[in-house]
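Accompanying notes for the structure given below.
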Amino acid sequence: NAGVTQTPKFQVLKTGQSMTLQCAQDMNHEYMSWYRQDPGMGLRLIHYSVGAGITDQGEVPNGYNVSRSTTEDFPLRLLSAAPSQTSVYFCASSYSGTGSYEQYFGPGTRLTVT
Amino acid sequence: AQKVTQAQTEISVVEKEDVTLDCVYETRDTTYYLFWYKQPPSGELVFLIRRNSFDEQNEISGRYSWNFQKSTSSFNFTITASQVVDSAVYFCALSEDPHTGTASKLTFGTGTRLQVTL
């Protein structure tokens with residue numbers, strides 16, 4: 001199992017550019033989420049999905065789009081990048097069966113918007 | 115709304131000292147889950163423990179122990195005989211009842227940076 005993978009690891013964008021952060025998991029998890037981590041603010045939920053075709057907003061959804069066409073993939077789209085979106089982005093997945101409800105996190109994508 | 119407070123921004127200790135990281139939470143749910151994650155300097159998030167709201171037993175895992183007290187809405191984490199490898203940022207997090215489909219929503223505290231020196 002590769003677990004949760006994220007690409008790219010690093011990205012620099014200019015203001016106004018768009019891009020997609022990729023996230024994939026091979027654990028057949030139903031739940032997937034995107035968080036952003038900013039200094040002194042912990043991790044904040046951007047969007048989440050409870051299964052293919054179902055997504056919902058988290059705490060800080062503005063400026064981001066998501067879709068979930070397959071169980072494995074949950075891409076995060078930045079529509080028009082702004083310097084305020086400079087952050088480290090983590091994707092996470094978890095399952096809903098009995099047992100641990102641990103969230104498995106990807107290694108993160110460090111995004112800089114200039 | 116849920117909230118997690120980690121009032122200690124940064125703690126410095128000398129190796130072999132014991133250290134307790136505080137976590138206070140707020141939720142209106144009667145069923146919830148609490149978590150601790152470790153983020154070492156390399157940046158990944160490492161799961162340490164999950165505790166559900168019905169289980170107030172303290173847990174010990176090697177040098178790590180956790181004290182969950184619903185009466186004070188706290189879920190504190192103690193490292194006994196700290197080591198340099200314990201240096202990291204530690205996050206406490208709260209999740210709503212996963213049976214309602216919200217296991218994917220974690221509310222994190224702002225983290226406590228622990229520095230262990232020789």
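Residue numbers (our numbering), protein chains in the order written: chain A, 1 to 114; chain B, 115 to 232. Glycine is no exception: its CB is placed at the ideal position from the N, C-alpha and C atoms.
C-alpha gap between residue i and residue j, whole angstroms
i, j, result
"Asp26 of chain A", "Thr71 of chain A", "9 Å"
"Tyr31 of chain A", "Gln57 of chain A", "13 Å"
"Gly157 of chain B", "Asn65 of chain A", "25 Å"
"Gly215 of chain B", "Phe168 of chain B", "Its pLDDT being 49, under 50, Gly215 of chain B is placed unreliably by the model, and nothing is read from it."
"Ser179 of chain B", "Thr231 of chain B", "21 Å"
"Thr226 of chain B", "Asp200 of chain B", "12 Å"
"Pro75 of chain A", "Pro107 of chain A", "15 Å"
"Gly42 of chain A", "Gln11 of chain A", "21 Å"
"Thr7 of chain A", "Val138 of chain B", "34 Å"
"Gly16 of chain A", "Ser87 of chain A", "16 Å"
"Leu78 of chain A", "Gln85 of chain A", "9 Å"
"Tyr104 of chain A", "Leu228 of chain B", "23 Å"
"Val127 of chain B", "Lys219 of chain B", "33 Å"
"Ala92 of chain A", "Thr114 of chain A", "26 Å"
"Pro83 of chain A", "Gly63 of chain A", "12 Å"
"Leu111 of chain A", "Cys23 of chain A", "14 Å"
"Glu131 of chain B", "Arg177 of chain B", "11 Å"
"Val198 of chain B", "Glu129 of chain B", "6 Å"
"Thr88 of chain B", "Met19 of chain A", "Because chain B spans 115 through 232 in this model, residue 88 of chain B falls outside it and cannot be assessed."
"Trp34 of chain A", "Val50 of chain A", "12 Å"
"Val118 of chain B", "Arg164 of chain B", "15 Å"
"Asn166 of chain B", "Asn172 of chain B", "12 Å"
Whether residue i touches residue j by CB criterion (8 Å)
i, j, result
"Tyr95 of chain A", "His29 of chain A", "yes"
"Thr55 of chain A", "Arg44 of chain A", "no"
"Phe182 of chain B", "Glu170 of chain B", "yes"
"Leu135 of chain B", "Phe222 of chain B", "no"
"Tyr151 of chain B", "Glu210 of chain B", "no"
"Ala202 of chain B", "Pro154 of chain B", "yes"
"Arg36 of chain A", "Val4 of chain A", "no"
"Thr224 of chain B", "Gly40 of chain A", "yes"
"Val133 of chain B", "Ile193 of chain B", "yes"
Neighbour list for residue i in chain A, Cβ cutoff strictly below 8 Å
i, result
"Lys219 of chain B", "Ser33, Leu45, Tyr48 and Gly58"
"Phe205 of chain B", "Gly42 and Leu43"
Closer than 9 Å at the beta carbon, the chain A residues around residue i
i, result
"Gly223 of chain B", "Gly42"
Amino acids of chain B, ordered along the chain, whose beta-carbon sits closer than 7 Å to that of residue i
i, result
"Gln103 of chain A", "Leu220"
"Phe10 of chain A", "Under the 7 Å cutoff, chain B gives no residues; its nearest Cβ is about 11 Å from Phe10 of chain A."
Contacts of residue i in chain B (Cβ-Cβ under 9 Å)
i, result
"Gly108 of chain A", "Gly157, Glu158 and Leu159"
For residue j and residue i, believed in contact at Cβ under 8 Å, the rounded distance
i, j, result
"Gln116 of chain B", "Thr141 of chain B", "5 Å"
"Ala81 of chain A", "Leu13 of chain A", "4 Å"
"Phe161 of chain B", "Ala207 of chain B", "The pair is not a contact, with the Cβ atoms about 10 Å apart (cut-off 8 Å)."
Chain B residues whose Cβ lies nearer than 8 Å to that of residue i
i, result
"Phe74 of chain A", "Neighbours of Phe74 of chain A on chain B: none; closest Cβ ~10 Å, over 8 Å."
Near-chain A residues of the stretch 179 to 198 of chain B - C-beta to any C-beta below 9 Å: Cβ contacts with chain A: none found.
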